[in-house]
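Mapping of the sequence shown onto the working numbering: position 60 corresponds to residue 46, and the numbering continues sequentially without gaps. Report on the structure given below.
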Amino acid sequence: MRPSEQAVALFTNVFGYEPDPEALHAGECWQVERIDAALRRAKVEGWREAIVGATNLKASVENGIPPHERAGFMRACNELIGYAKARAAQIEEGE
């Protein structure tokens, strides 16, 4: 399995140098895979935070705005929540 470009870029940013391409191909640069996995978990967590935020916003709107004014907003929140859940699942599966 080849490390993603994001993982290599993150490795370079964190450690201050690019990983050796031969070491990458030989599997000697295990940090890149660990960084890739950490980056994936962070992305998923960010999408989950977006879901919580949209859900909380939706609940506060439900309690404070008359029904005829909130329909479009509620639909947008539901679409955002659905997209965020789908994106988090994609990232967990390997983008």
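For each residue, glycine too, the CB sits at the ideal point set by N, CA and C.
- In the structure shown, G2 falls within a coil segment according to DSSP collapsed to helix, strand and coil.
- In this chain, the alpha helix (DSSP H) harbouring I77 covers P53 to E79.
- Here V38 is exposed: its Cβ has fewer than 16 other Cβ atoms, across all protein chains shown, within 10 Å.
- Of all alpha-carbon atoms in L(-4), D6, T41 and A72, the one lying nearest the alpha-carbon of A62 is that of T41.
- Counting other Cβ atoms within 10 Å of its Cβ, I21 reaches 16 or more and is therefore classed as buried.
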